[in-house]
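Visitor: Under our numbering, the first residue of the sequence shown is numbered 57, with each subsequent residue one higher.
Note that the Cβ used here is the ideal one computed from N, Cα and C, for glycine as well.
My questions will all concern the structure given below.
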Amino acid sequence: MKNNIKFVASDIEGTLVDGKGNLRENADKLIKTINDNNIEFALQSGMSLFEIENTLSKIKEQTNKDIKADVVAFAGAYIKSSDGTVLKDEPLTMEELTKVREIIKDCANGTVIVYRGKDENYREKTLEVESVSGKVKYSGLVVLVSLLEALKKVNLPNVKISQKMLQAKMANNEIYSLEIINTGSKLQKINAEIQKAFGSSVNVNAGRSVQIGHGTKLDGMKELQKYKKGKDDLSGVCAIGDGVNDIVALENAEYAIVTNTKYESVYNVAKNSINNGSNKKFAVGEFDDETINFLTNQNFSSEKMLGTSKTVGATKIKHKEEKTLE
């Protein structure tokens, strides 16, 4: 069996790279094969532009090839074609940023906000509390920490910045997305208040953290298709992802590969497709030869892919994040 995939849009963190920022096994082979077969390729992530470009540099170094890739940064707030054309450039406004900060200060002490800019990330801790657990991201690395202990003992760049500097970045429209980090119960309250305040004027992804910006990964795929093909039709498009914020892309693309996921709702994109008799969406644990063949329009066995999906579902799904926003 062969597919007719013309465009592959892949998430980065947890999908192409591991928690230490290293390319997963065979990810370099996959990307090189995609390029060698003249299939359009996009890197899309909630990460900032400079983080994605750093990842692209690693891919080029590992594949020893000048990889062509579109970029969807800040989960869709910034979109750039591989030819250098910027299709979308929509930072958060000063008013939106100020409102979010007000909501967080009213909702929860000890919250950490990651402000993502084009060239740098910034972090601000709101108020002191005795103990808060969460995660801090920097340049594609994810470190699980007790936040207050980390602020004292771990030397991470830009963990805190001066209010004067932050205000200048906000006023100059240099902030494209926010990631709000706190415990699950407080995230639920923050998420509810932000949805209430903004409605559909900003996009909110709620998973292990709450991410806010002017875009989704689905927007990224559609804008790139519209630019390249003249319409935002997603036939021939394959999305790859592992996280809750990938679901909208995985569900709407004609093809999908769910990889390395721990989340039932993400796995269910593949499961529901399989239950409907489709051979276009599967779950895998790694980029083996069968998966690479699937993604690059070479002969693949739907029976083997189905078996892999069932194995992933039986052994890898650990979280039901809809209940806790973990």
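Determine the extent of the alpha helix (DSSP H) in which D84 is found, giving its start and end residues.
Guide: Where D84 is concerned, the enclosing alpha helix (DSSP H) stretches over A83 to D92.
Visitor: At what residue ranges does the stretch 73 to 150 contain a whole run of the alpha helix (DSSP H), taking only runs of 4 or more?
Guide: Qualifying alpha helix (DSSP H) stretches, in chain order: 83 to 92 and 105 to 119.
Visitor: Using a threshold of 8 Å, state whether the C-beta atoms of V340 and I303 are closer than that.
Guide: No, the Cβ-Cβ distance between V340 and I303 is not below 8 Å.
Visitor: Comparing alpha-carbon positions, which option in T71, K161, D92 and D145 lies nearest K174?
Guide: Residue D145 is the option with its Cα nearest to K174.
Visitor: With a threshold of 8 Å on Cβ separation, who are the neighbours of D122 within its own chain once the five nearest residues in sequence on each side are excluded?
Guide: Excluding sequence neighbours, D122 sits near K116.
Visitor: Using only the alpha-carbon positions, how far apart do A133 and K85 sit?
Guide: Using only the alpha carbons, I get a separation of about 29 Å.
Visitor: Return the Cβ separation of A65 and M277 in integer angstroms, given the expectation that the two are a contact with Cβ distance under 8 Å.
Guide: With 8 Å as the limit, A65 and M277 qualify as a contact, their Cβ atoms being about 5 Å apart.
Visitor: How is T371 classed by DSSP in three states: helix, strand or coil?
Guide: Three-state result, T371: helix.
Visitor: Quick one, are the C-beta atoms of K273 and N301 less than 8 Å apart?
Guide: Cβ atoms of K273 and N301: closer than 8 Å.
Visitor: Apart from the five residues just before and just after D67, which ones in its own chain have a Cβ nearer than 7 Å to its Cβ?
Guide: Once the five neighbours on either side are set aside, the close Cβ partners of D67 are Q100, S101, I296, G297, D298, G299 and D302.
Visitor: Quick check on T315: does DSSP put it in helix, strand or coil?
Guide: Correct three-state label for T315: strand.
Visitor: Run the CB neighbour count on G75, radius 10 Å, all protein chains shown included, and call it buried at 16 or more, exposed below.
Guide: Answer is exposed; the Cβ neighbour count stays below 16.
Visitor: Tell me the rounded alpha-carbon separation between F106 and L234.
Guide: Approximately 15 Å, taken between the alpha carbons.
Visitor: Give the straight-line distance between the Cα atoms of T371 and E151, rounded to the nearest whole angstrom.
Guide: Going by the C-alpha atoms only, they are around 45 Å apart.
Visitor: Reducing DSSP to helix, strand and coil, say where Q30 ends up.
Guide: Here the chain covers residues 57 to 382 and nothing more, so residue 30 does not appear.
Visitor: Of the choices F97, S358 and G369, whose alpha-carbon is the least far from that of G333?
Guide: When each option's Cα is compared against that of G333, the closest is S358.
Visitor: Please report how far the alpha carbon of T71 lies from the alpha carbon of E81, in whole angstroms.
Guide: Rounded to whole angstroms, T71 to E81 spans 11 Å at the Cα level.
Visitor: Which first and last residues belong to the alpha helix (DSSP H) in which V258 is found?
Guide: Looking at the DSSP string, V258 is not in any alpha helix (DSSP H), and its letter there is neither H nor E.
Visitor: Between the alpha carbons of S241 and R264, how many angstroms are there, rounded?
Guide: Distance between the alpha carbons of S241 and R264 is about 11 Å.
Visitor: For the candidate residues V293, D162, E342 and S138, whose alpha-carbon lies nearest to that of V368?
Guide: When each option's Cα is compared against that of V368, the closest is E342.
Visitor: Report the CB separation of D139 from L280 in whole angstroms; it is logged as a contact under 8 Å.
Guide: About 11 Å separates the two Cβ atoms, so there is no contact after all.
Visitor: Does S334 come out as helix, strand or coil in the three-state DSSP assignment?
Guide: If DSSP states are grouped into helix, strand and coil, S334 belongs with coil.
Visitor: Any idea which residues DSSP pairs L234 with across the strands?
Guide: L234 pairs with Y171 and I268.
Visitor: Can you say whether E69 is buried or exposed, counting buried as having 16 or more other CB atoms within 10 angstroms of its CB?
Guide: Buried, since its Cβ has 16 or more Cβ neighbours within 10 Å.
Visitor: For K88, which residues in the same chain have their Cβ closer than 6 Å to its Cβ, ignoring the five residues on either side in sequence?
Guide: Cβ within range, chain order: T119 and K121.
Visitor: Considering F63, what are the terminal residues of the beta strand (DSSP E) in which it resides?
Guide: Unbroken beta strand (DSSP E) run through F63: F63 to S66.
Visitor: Report the partner residues of A295 according to the DSSP bridge assignment.
Guide: According to DSSP, A295 bridges with A65 and A312.
Visitor: Cα separation between G255 and L148?
Guide: Spanning the two alpha carbons is a distance of roughly 15 Å.
Visitor: Out of curiosity, what's the CA-to-CA distance linking Q251 and K285?
Guide: Each residue's Cα considered, the two are about 34 Å apart.
Visitor: Consult DSSP for A164 and reduce its assignment to one of helix, strand or coil.
Guide: Reduced to three states, the DSSP call for A164 is coil.
Visitor: Buried or exposed: where does A248 fall if 16 or more other Cβ atoms within 10 Å of its Cβ makes it buried?
Guide: With fewer than 16 other Cβ atoms within 10 Å, it is exposed.
Visitor: For the alpha helix (DSSP H) that E279 lies in, which residues bound it at each end?
Guide: Note, E279: alpha helix (DSSP H), K273 to K285.
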